[in-house]
Amino acid sequence: MQTLRARHIAVTLGLGALLAARALAVFPTTAPNDPRYAADVCPPATTCHGPTGQWNLLSFNDNVPFTTGASGISADLAWQVTTGRHDTIIAVLDSGVNYDHEDLRNKIWLNRGELPTPIGGCCVPPVGDPWDCNADGVFNVQDYACDPRVSDTNGSGALDRGDLRVFVDHLDNDGNGYVDDLSGWDADDDDGDEFDHRYFGHGTGRAGIVAPETNNGLGVAGVCPNCPLMNVRIDDTFVCESEGVAKGAIYAVDAGASVINMSLGCTTASRLSRGAFDYATSNNVLAVNASANEFSYHQNFQSIFDDVMTIGAVVPDNRNLTTTWKQKASFANYGAHLDVVAPSDVPGADMGISGGNPNDASYGATEGGTSSSTPHAAGVAALVFSRARDLIAASVLPVGPLALKDISAQEVRQIINQTADDITPADGTGYAVSVGWDKWTGYGRINAKRAVDRVAPNTIPPEADINSPDWYTLVDGTVTVRFYANARWASSFAYTLEVGSGVEPLSFSSLASAAGLAANPALSSANRVNNFSASWSTGALANGLYTLRLRVTDNLGNTGEDRMAVWVRHPDPQDQPGFPRVFDGSLESLSVALVDLDDDNSLEIIFADGNGEVHAVRSDGTDLPGFPVHTALPRNLPLATSPAFDGNPANGEVPIAYASVIGGVAVADLDRDGQQEIVVGAGDGQVYCWHADASVCAGFPVSTDHGTSRDQYPPHAQIPNASRGEGIGATPALGDLDGDGRLEIIAGAVDQKLYVWHADGSRMAPFPLQLFDAGSTSGVSAFAPKAIISSAAVADVDGDGVNDIVVGTTESYSSPQPAPGVGGSGRAYLVHANGTIAAGWPVKPTSISPSSVPLVAEGVGTSPILANVGGDTKLEAALTCFLGDAAIYNANGSTFATMQGTPFGATGPGSDLDETTHEGGLARSSDQPSHFYVGEGAFADLTGTGQLNYVAGEVGNGLLASATDDGTPVLFDHLLSVWSATTGTQMPAFPRVMEDWQFFTGPAVADVTGDGLPEILATSAGFFVHAFNTAGIEPTGWPKLTGQWQTSSPSVGDLDGDGTVEVVQTTRLGTLFVWKTAGGTCQTDQWRKFRHDEWNSGTYGKDTRRPARITDLRAASGVGTVTLSWTAVGDDGRCGTATSYDVRAASTPITRASFASATHVGVAPPAAAGAAESRTFAPPGGALFYAVRAIDEAGNAGPIATVGPLTLRRVRLTHAAAGRDRLTFTARIAALISQLGLPGQSVGLTLTNAGGQFFNA
């Protein structure tokens, strides 16, 4: 049987006249000798799962006729032009790397600034580079081969990066802001050891695709054989926080990388993370990122950044009977922002090489996914950079007049896009691909040979870059489109800017064009300037997605192209004035709270953003004074050493941001002093707390435990990581666990521990608890612990009068299974306030596949919720394992009911697969049974009968077929399901089809029509917010277009006090929407936000809204009596009837701080909200001042209202457009003149704030 190696030789001989002496030919003119490169192909119709060699790199194929084209990216032919350069460094931002891997150890970039020059008798360095001891032109670990200071300290039997730890001196020798960065950086743990200490393997796998050592008789060949690998650890897995990526990118740029590979999907986007990739472009570094493996079109970070290339995936259509190598991978994300595709299903699971550490026998996590496609693109980019630098060094490419004396990152991107192998209908992919760019495969499959050949005099394309508006921006009216166009390697150019409707417009209309423009050698994409602009009138256009296209053609006939998709969205009639409002950080925190912070009886919108800032926004869209507040700066930002922060815009100044918040806010009066507090947990492992006046709570921030970082030196040691605590991804919950009336803060962290803090920041014993199933084979692994990203539910579950905690972990086990030999299970716990786990717990919900995506899609990562479904004195808990069936559990851990995935209540046509139009119809019958995924649930009484329903997002069964077949398109729907919580059967009009994944978002339930029955408010990673009634019908004006991915749940409340509720929704791209509705303020509370309430209790029926503030308190003095009068407030705000009044009297003004010490006056209980109230009593001795607040049956106390000798009745601060602000007020004297001792005296007014007195009259 013919081998790939033999076929390669035959092809290269046929193509190249380079082989003058065949017997002396070596790589790259012959095939590399890496064993996996030359492995035998799979015989047709066998079960060996297709080609086992590196078909992904080849310019030909074996299983189909040569005429159908290459199987891979034609790297074999590109290597005959260039194999890369030692000064063209590829940075791999990932989970870290096994830098001692025998196929990587000689490719690891080393930092001359931190390492001493090698010494030893074998050193013969060239002049000018004393680090190149062996004079082979590259500085790597082999240059220390005879250095007496270096020995095999890690016992690997070979010289490798681990042995260089002898040079760790805990100093920043090169002054770059990074201590001991010998060969890269760990931007997560903030140290100089980028080793994958959790042995996740993903980063090692990416390095093993893009640039392992090639032609060394081991392992595999890499795309760019001569390019060094700079590895930067940014998180534990490819599911990452944005701070680590931003810090890693800045490090890579400053350390000299040319290309940044990111096979990542991150939570949050910040000024810092966006700025880091602007900085990369400013320094002529090209970044590429995976489109993701989510069968979707939604907007992932960092792929959505304009300065980052997005890479999709292609696979063979059938592993054994291949007919095309250009099949779009069914799992690969697609859409308007896709650049190109590359092979995904690559070899690497079994390299057949030895080693003593985990993953030495393989690259780990190498097979499949856009994670593997992306390093192909990074490698080709490095080859293109290398080819250009070779030609510049040889004076073939003249750079004399150019300010940037290099090929630009934008030009490299243009070359990769334009030289890709277009995937057309003739390729028989099963997708509606088209000639030219399409949303499924972008510009096509990358072609390394065509790309490097394009780098030549007269063929480098112009630069074309649309910079504003940004991806998926909402526009209206006249829009200014700003862009950059230039042809640095030609003398002149022309451009055309066009617009068309949809993702793949059938036609374009011209917005602007120009010809005969002189090329500007002083400019390049690294300058990040817009040298042109055009106006676009959108007023007559329908709402929808539109594509801007810029084409630049130089006088040599070369073209460059850029595309940008934006939404035209005209004002919605139900938009609240002042909204939508756009922020420069992502708004994806799950919990958005609507709370009256400033005691004016209007609700503020409280939320955190991707910048680590916590906002309090009024109903008119303005900020509450003192806000936003923020978390701490990310650790180890090189503020004093990196040009990114030196204040010089020419260097690509990066704005700072703070530790991100993904879980969201909890709001309550923690210490019951009458002032509310805002609590968040952040990715830096800290819990932050602010008072309503934006001041920091005493005792905060507090931290989770400083973890242990698993490192191999010495073997199997636990190295304390003192830099930070483990991050918090869950939303903090609040509840009284110790019975003192104050609230505790409850949150899990990614160290698999459950934490509880008191209101003063002290820890509540015996917490934290490490939650794991001690009865199962695996539990807490110091090597790779699981996490708690599930938000805790807090309530008295077992009816003993003490609150409990219900929470899940990301543990997954092979047993129990939903069916014999199928799937596994997760774990969820009921924890008593004393720290013990309740009898019958943990429960073990089963799943077809309990672990899919690290952290976010494994075990019980979603959040349990509680309700009294059974009608007894105990609560039931609804929860599920990833890809299982939702179940409701009794307090004793037994199953109350299982939410059935079949039969559907009704069926229909399913999704139309068009991301620009909304869904909402019925699911196709073939998609049964449905499965719970990673959405959140809600309880509600949808029918007004007192019988609860359970509502949650699901996915159709077609997903399972899609996940097991890389190429063939298999349809499945995203679903919103509604069950009877008692029986587990679907309601007749459900499930309804949603646009996209309901990742961590969950429904809110509230009446938005005013008919007295609630609607289900649901959203997804698609671009709409729905409102379904029990018949599955949406009211007029719904669904609402956002045009952006939503992870937060809708929140409902009366923001402006007009008697009707508003719906609040945020998006991952930073837009805050508020819509007015006809739903009444005083409607029955169902499930108004994520986790039900502002405390995030996750408990149906929990009352956390306090009574309103009395606004018209008056006092009248009689002979021996005082009469207080006011209008009654309610139980929740101005709704219902409060339980009691707390009246206080004092001889001095009563403040929130002095309220508790003032004399209590007993009065009669309240009347219903809106009633006129008066209470007459004998004043305590010396009393001149009075305060009143309402208290509800749950003990929630409203803000205090005060009255005294002088009461300000109305205060208004007017901000003038110019000049001074004006303060106006009215006041009344509420005591007898004789009581005040004022006859013959004037009245003075003094105004003070926290800064002291600022006005006196």
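Mapping the sequence shown onto this note's numbering, position 47 (from 1) lands on 48, and the numbers just tick up by one.
Heads up, the beta-carbon is just placed ideally off N, CA and C, and yes, glycines get one too.
{"Query": "Continuous beta strand (DSSP E) assignments of at least 3 residues falling wholly in the stretch 872-898", "Result": "877-880, 888-890"}
{"Query": "Alpha-carbon spacing of F933 relative to A907, whole angstroms", "Result": "18 Å"}
{"Query": "Closest Cα partner of T554 within the set D153, D805, F494", "Result": "F494"}
{"Query": "Residues near G1060 by beta carbon distance below 6 Å, same chain, minus five either side", "Result": "T1082"}
{"Query": "Length of the line joining the Cα atoms of G921 and Q999", "Result": "14 Å"}
{"Query": "Bridge partner(s) assigned by DSSP for S850", "Result": "For S850, which the question treats as bridged, DSSP gives no partner whatsoever."}
{"Query": "Alpha-carbon to alpha-carbon, A892 and G800", "Result": "9 Å"}
{"Query": "Those residues which DSSP pairs with I90 across a bridge", "Result": "A258"}
{"Query": "Per DSSP, the bridge partner or partners of H616", "Result": "F608"}
{"Query": "Exposed unless 16 or more other CB atoms sit within 10 angstroms - verdict on G827", "Result": "buried"}
{"Query": "Of the listed residues V680, N141, P656, nearest to L116 (C-alpha basis)", "Result": "N141"}
{"Query": "Three-state secondary structure (DSSP) of A723", "Result": "Since pLDDT at A723 reaches only 44, below the 50 mark, its modelled position is unreliable, and the value read off the structure follows with that caveat. Correct three-state label for A723: strand."}
{"Query": "Span of the beta strand (DSSP E), counted from its first residue to its last, around L392", "Result": "Where L392 is concerned, there is no enclosing beta strand (DSSP E), although the alpha helix (DSSP H) it sits in stretches over 371-394."}
{"Query": "Run of the beta strand (DSSP E) containing Q687, from where it starts to where it stops", "Result": "687-692"}
{"Query": "Under the three-state DSSP convention, the category L744 falls into", "Result": "coil"}
{"Query": "Counted within 10 angstroms of its Cβ, other Cβ atoms place V567 as buried (16 or more) or exposed", "Result": "buried"}
{"Query": "C-alpha gap between A667 and L392, whole angstroms", "Result": "59 Å"}
{"Query": "Entirely enclosed beta strand (DSSP E) segments - the stretch 904-943, minimum 3 residues", "Result": "932-941"}
{"Query": "Local conformation of E295 per DSSP, three classes", "Result": "coil"}
{"Query": "Where G249 sits in the DSSP three-state scheme", "Result": "helix"}
{"Query": "Run of the alpha helix (DSSP H) containing A658, from where it starts to where it stops", "Result": "Neither: A658 is in no alpha helix (DSSP H) and is coded neither H nor E."}
{"Query": "Chain-order list of residues whose beta-carbon lies under 6 Å from that of T1266 (same chain, five-residue window excluded)", "Result": "Because the chain spans 2 through 1258 in this model, residue 1266 falls outside it and cannot be assessed."}
{"Query": "Burial state of I606, where buried means 16 or more other Cβ atoms lie within 10 Å", "Result": "buried"}
{"Query": "Cβ contact check for the stretch 812-821 and the stretch 728-745: 3 or more pairs under 8 Å", "Result": "no"}
{"Query": "Enclosing beta strand (DSSP E) for K1103 [first to last residue]", "Result": "No beta strand (DSSP E) holds K1103; DSSP gives it neither H nor E."}
{"Query": "Three-state secondary structure (DSSP) of N99", "Result": "coil"}
{"Query": "Contact under 8 Å by Cβ, A645 with V655", "Result": "yes"}
{"Query": "The stretch 430-443 in contact with the stretch 326-342 per 3-pair CB rule at 8 Å", "Result": "yes"}
{"Query": "8 Å Cβ shell around R388 - same chain, five flanking residues per side excluded", "Result": "V82, T83, V453, V456"}
{"Query": "Span separating the alpha-carbon of P127 from that of C134", "Result": "8 Å"}
{"Query": "Neighbourhood of L179 by C-beta distance below 6 Å, restricted to the same chain and skipping five residues each side", "Result": "Here residue 179 turns out to be Tyr, not Leu, going by the sequence shown. Cβ neighbours of Y179 beyond the five flanking positions: W186."}
{"Query": "Paired residues, beta bridge with W568 - DSSP", "Result": "L475, L546"}
{"Query": "C-beta atoms of W1096 and T1105 nearer than 8 Å", "Result": "yes"}
{"Query": "C-alpha gap between W1127 and V697, whole angstroms", "Result": "34 Å"}
{"Query": "For L867: DSSP bridge partner residues", "Result": "A878, T1100"}
{"Query": "Nearest residue (CA-CA) to N459, options C241, P1200, T623, S492", "Result": "S492"}
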